[in-house]
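J.: The structure under discussion is supplied below as structure tokens; questions concerning it will follow.
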Amino acid sequence: MTDFITAHARLVGDAAGYAIHRTQEIPREFTDHLQALRDASVEAPMGNHHLTASVPAAVHEKWLREGYDCTREPIRRTLKRLRDEGLDAFIATKRRI
């Protein structure tokens with residue numbers, strides 16, 4: 002499994018102006034791993050630390066530009082935001098948080 006997934010940014014432009022184009026390749030094995038964690042989360046003991054989601058850097062940067070910092074907001078809001086944006090694959094738990 003890939004341990005570190007890099008987000009890329011490049012400057013694109015024409016006569017009308019410039020923009021930053023951000024991309025991030027997410028391997029299928031990464032989302033499969035999160036799915037396995039999600040499926041196992043119901044029966045596993047919760048303990049002090051529990052992985053709830055793995056937000057890709059590109060999504061985190063997009064949210065920061067929108068004024069939402071998932072590192073400071075309650076995890077419940079971040080999970081809702083992932084669901085609302087159709088990014089359920091990055092949720093790593095079925096537990097109610």
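Be aware that the sequence shown starts at 2, since it is given in my numbering, and climbs by one per residue. Think of the CB as a built atom: it goes at the ideal place given N, C-alpha and C, for glycine as much as any other residue. Only a predicted model underlies this, so the values are computations on that prediction, with no experimental measurement involved.
Using only the alpha-carbon positions, how far apart do residue 42 and residue 9 sit?
T.: What you label residue 42 is simply residue 41 of the sequence shown in a count that begins at 1. What you label residue 9 is simply residue 8 of the sequence shown in a count that begins at 1. When rounded, the distance between both Cα atoms is 31 Å.
J.: Is there contact here, the stretch 33-42 with the stretch 71-78, by at least three beta-carbon pairs under 8 Å?
T.: no
J.: So who's on the other strand from residue 12, going by DSSP bridges?
T.: Residue numbering aside, residue 12 sits at position 11 when the sequence shown is read from its first letter. DSSP, once it has assigned bridges, lists 21 as partnering residue 12.
J.: Just to confirm my understanding: we take residue 92, look at its own chain, exclude 5 residues before and 5 after, and list those with CB closer than 8 Å. What are they?
T.: Here the question's residue 92 lines up with position 91 in the sequence shown. 35, 39, 53, 54, 80, 83 and 84.
J.: Got a sec? Which residues, its chain only, sit under 7 Å from residue 89 by beta carbon, not counting five neighbours each side?
T.: For this step, residue 89 is matched to residue 88 along the sequence shown. So the list reads 83, once near-sequence residues are dropped.
J.: Taking its Cβ as the centre, do 16 or more other Cβ atoms sit within 10 Å of residue 60, making it buried, or is it exposed?
T.: Residue 60 sits at position 59 when you count from the first residue of the sequence shown. It is buried - the Cβ of residue 60 has at least 16 other Cβ atoms within 10 Å.
J.: Our contact map puts residue 23 next to residue 62 with C-beta atoms below 8 Å; I'd like the distance itself, whole angstroms only.
T.: Working through the sequence shown from its first residue, we reach residue 23 at position 22. Working through the sequence shown from its first residue, we reach residue 62 at position 61. Indeed they touch by this definition, with Cβ atoms about 6 Å apart.
J.: Let me confirm a value: residue 94 is counted as buried when at least 16 other C-beta atoms fall within 10 Å, else exposed. Which label applies?
T.: Indexing the sequence shown from 1 puts residue 94 at position 93. Around the beta-carbon of residue 94, 16 or more other beta-carbon atoms lie within 10 Å, marking it buried.
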